[in-house]
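Quick note on this note's numbering: the sequence shown kicks off at 3 and runs consecutively.
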Amino acid sequence: YVRVVTAAREHLIRMPLKDLLPQLDPQKFWQVHRGTLVQARYITQARRDEVGTALLSLRQRPGRQPAGRLSPLLIKGM
């Protein structure tokens, strides 16, 4: 399953991430966690919490989205 997050809600789709990724523009959609993709232009902030977990703030989405260890390296240039 892949979790698709929109401004209004979340969806689970039954498609392996390895099949979905080639259909998306890697400049626009970033894999930020094992089963989570985000549209890069909606990322407003990336920071680490006190235990080192990377967290993303997304435009039009309350709360923070956990990100994998490599994601902050991608976002560093924002």
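Using N, Cα and C, we set each Cβ at its ideal position, and we do this for glycine too.
- For Leu19, the enclosing alpha helix (DSSP H) has its first and last residue at Leu19 to Leu22.
- In this structure, the straight-line span from the alpha carbon of Gln29 to that of Ile45 is close to 13 Å.
- Cβ atoms of Gln67 and Thr38 come within 8 Å of each other, at about 7 Å.
- Within the same chain, Leu57 come within 7 Å of Arg49 by CB-CB distance, once the 5 residues on both sides are set aside.
- Excluding its 5 nearest sequence neighbours in each direction, Arg5 has C-beta neighbours in its own chain below 7 Å: Glu12, Leu14, Gly37 and Thr38, listed in chain order.
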